[in-house]
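Taking it in order: structure first as structure tokens, then the write-up.
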Amino acid sequence: MGKLGEAKDFGALLELLESKRELVVRLLALTADIGKVLEGEDFDKLERLLEERQQCMRILDTLSDRIDLGYLEVRPSLSADGGRIFGMREGEISGLMHTLLDEDRRVHTALQEAVRTVKQKSDDLMVQKRGFTAYAESQQVQSGSLITDKK
């Protein structure tokens with residue numbers, strides 16, 4: 543994922559920003575994969591993707607904190623060009639984050655629908671099971687009954 547250490551200078555800060563951008567791109571890909579998996583109802587793969595996404599989110603939080611601290615360190619000595627470069631990189635990442643949020647909302651809606659579908663299928667199975675059970679109970683032979691094939 544790149545350098546996650548403290549940013550000691552502007553170059554290190556730019557490396558942290560690049561790591562953050564790459565991580566957000568990875569999160570976009572994971573979120574798209576989650577959407578595809580939801581369509582196919584492959585819930586084992588979904589669990590793995592959600593865990594990986596959560597891990598990336600934790601790294602993103604840590605990385606964002608380190609970038610903020612690094613910026614505070616270099617800001618007093620930052621040139622106008624440095625500030626412009628930092629702002630451009632942050633702007634690019636911000637745009638990617640907005641795209642990620644939009645995609646996340648779409649996947650969240652799809653996930654809610656998948657949960658509703660699974661719940662409905664489960665409810666339907668329970669109704670069928672009750673019907674089969676009720677039918678089977680009415681067909682049971684009383685103890686002491688004699689069944690013959692004579693007509």
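The numbers in our numbering rise by one with no breaks, and the one at position 132 of the sequence shown is 674. Cβ coordinates follow ideal geometry from the N, Cα and C atoms, glycine included.
Of the candidates 584, 560 and 611, the residue whose Cα lies closest to the Cα of residue 657 is 584. Around the beta-carbon of residue 562, 16 or more other beta-carbon atoms lie within 10 Å, marking it buried. Taking a contact as a CB-CB distance under 8 Å, the pair residue 612 and residue 569 does not count as one, their CB atoms being some 21 Å apart. The three-state secondary structure of residue 621, taken from DSSP, is coil. For residue 620 against residue 595, the beta-carbon gap comes to about 33 Å, at or over 8 Å, which does not count as contact.
Between the alpha carbons of residue 633 and residue 577 lies a distance of about 26 Å. Just so you know, the alpha carbons of residue 649 and residue 566 end up roughly 16 Å apart. By the beta-carbon neighbour count (other beta carbons within 10 angstroms, threshold 16), residue 616 is buried. In this structure, the CA atom of residue 644 is about 11 Å from the CA atom of residue 651.
One thing to note: residue 575 has its Cβ within 8 Å of the Cβ of residue 591.
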